[in-house]
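Below is one structure, written out as C-alpha cells, with a few remarks after it.
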Amino acid sequence: MDREPSCENQIDDSAVKRYFDGAAGTAPAEMSMMVHEYNLPSSAAGYRLSKELRTINPWLNAVSKSGRVLDVGCGAGAWVEIFAGRYQSVIGVERSYAMVEDAKRRVYHMSNAEVIPGDARQDLPAGPFELIFLGGLCMYLGDNDVVALLHSLKSRLSKRGTIILRESTVREGVQFAEGEYQAVYRSVESYQKLFGEAEIFRVEVRRNAGYTSMEIAEEAVVFRRKWLPFLPKDSNSFGYLTWWLLRLASPITFWALPWALSGLNVAWPRLQNHFFKLNPTG
Numbered sequence: 002m003d004r005e006p007s008c009e010n011q012i013d014d015s016a017v018k019r020y021f022d023g024a025a026g027t028a029p030a031e032m033s034m035m036v037h038e039y040n041l042p043s044s045a046a047g048y049r050l051s052k053e054l055r056t057i058n059p060w061l062n063a064v065s066k067s068g069r070v071l072d073v074g075c076g077a078g079a080w081v082e083i084f085a086g087r088y089q090s091v092i093g094v095e096r097s098y099a100m101v102e103d104a105k106r107r108v109y110h111m112s113n114a115e116v117i118p119g120d121a122r123q124d125l126p127a128g129p130f131e132l133i134f135l136g137g138l139c140m141y142l143g144d145n146d147v148v149a150l151l152h153s154l155k156s157r158l159s160k161r162g163t164i165i166l167r168e169s170t171v172r173e174g175v176q177f178a179e180g181e182y183q184a185v186y187r188s189v190e191s192y193q194k195l196f197g198e199a200e201i202f203r204v205e206v207r208r209n210a211g212y213t214s215m216e217i218a219e220e221a222v223v224f225r226r227k228w229l230p231f232l233p234k235d236s237n238s239f240g241y242l243t244w245w246l247l248r249l250a251s252p253i254t255f256w257a258l259p260w261a262l263s264g265l266n267v268a269w270p271r272l273q274n275h276f277f278k279l280n281p282t283g
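Residue numbering for the sequence shown follows my numbering, beginning at 2 and increasing consecutively.
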C-alpha cells in the first residue's frame, strides 16, 4: 500500500521538545493527559484514564503477571503506576525531565517500578518485555521514525510479547497541528500502513471512548471561549462547570450525540483516539 505524503518535514522535533519542557507552571500530570489548556478538573483526566483501562483490560489480562513491561513515553507515570500494580516489573522512559521527576514521585513507593530519562529512538533498555506500551508517542514522530521505532520495539519483545499503542487519530488521511504545539494526526488506515512497513500484520484496533469524552469537553471549552468572549477565557471554575455539566448528561453528550452525528457523516469531535494491539511474533 502507498504511504500518505511524508510527515518528516511536517513536524519539528525541537518544537515538540520545547513545548513539553517549557510549560512553566503547568503540572506535568495535567500536561501528560493534555487537560492543562482547557482548565478542566483533574477528575476529567481520572475519568478518561478509568475508561481507557476498561477498554484495554482484556488485552492486559492476557499478559502474564510475572512479565516485564516497558512504557515508552511514559509522561507523568499514570500507566507506570497501573502496570507496577499488575506485573512483576515496569520501566518507564520519558524525554521530558519535568515529567520524569513527577513520574518518579508517583511511583517512589513501588519497588518494581523504575522511571528513566531518555529518547525512545535511542535510549531504550534491553528486553525482553512481555508488554510494551506507547501512550501517545507516535503522534509526535515522523513516519520514518515510527517505522524505525516499531522495529526497535519488536527486537525487545518476548516470544509472544505484545505492543499496545494509544494514538490520537482522524477519520481520513493525515492532519497536522502546527505552531507552538505540533503533532501529526493519522487515520487508522495510515497507521495500518506504517505497521505493514514495520512487518507487523497481526493488529487489533479499539476506539478510545475515554479520550472522546475529554475531546468533547475541550471542544465545548473552545466553543464557550469563541461565542461567549465576555466570560473569562481561563477559568478553573468554568472548566469545572463545563466538565460536570457534560458528565451529568453523559448518556447524551458522550454517547448518543457523537453516535448520531457520526451517522450523519459529521466529524465531531474532530479528533478521535484508538488503541492498537500489535503481536509481531505470536
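Where a beta carbon is used, it is the ideal one built from N, C-alpha and C, also for glycine. Small disclaimer: the values here were computed from a predicted structure and weren't measured.
Counting along the chain, Asn266 sits inside no alpha helix (DSSP H), nor does DSSP assign it H or E at all. For Arg161, the three-state secondary structure derived from DSSP is strand.
Cβ-Cβ distances below 6 Å link Ile253 to nothing in the same chain once the five nearest sequence neighbours on each side are left out.
Under the three-state reduction of DSSP output, Val206 falls in the strand class. Three or more Cβ pairs closer than 8 Å define a contact, and the stretch 211–227 meets that threshold against the stretch 269–279.
Contact annotation: Val206 and Val185 have beta-carbon atoms that are not nearer than 8 Å.
Taking 8 Å as the cut-off, the Cβ atoms of Val204 and Leu279 count as close. A Cβ-Cβ distance of about 6 Å is found for the pair Arg167 and Gly137, placing them in contact under the 8 Å criterion. DSSP places Lys105 inside the alpha helix (DSSP H), whose first and last residues are Tyr98 to Arg107. Between Tyr141 and Ile12, the gap from beta carbon to beta carbon is short of 8 Å. Note that the C-beta distance between Leu154 and Ile165 is not below 8 Å. Under the criterion of beta carbons closer than 8 Å, Ala121 and Val70 do not qualify as touching, at roughly 15 Å.
Counting every other CB atom within 10 Å of its CB across the protein chains shown gives Trp244 a total of 16 or more, marking it as buried.
Between the alpha carbons of Phe202 and Thr282 lies a gap of roughly 10 Å. Straight across, the Cα-Cα distance linking Leu41 with Ser251 is about 16 Å.
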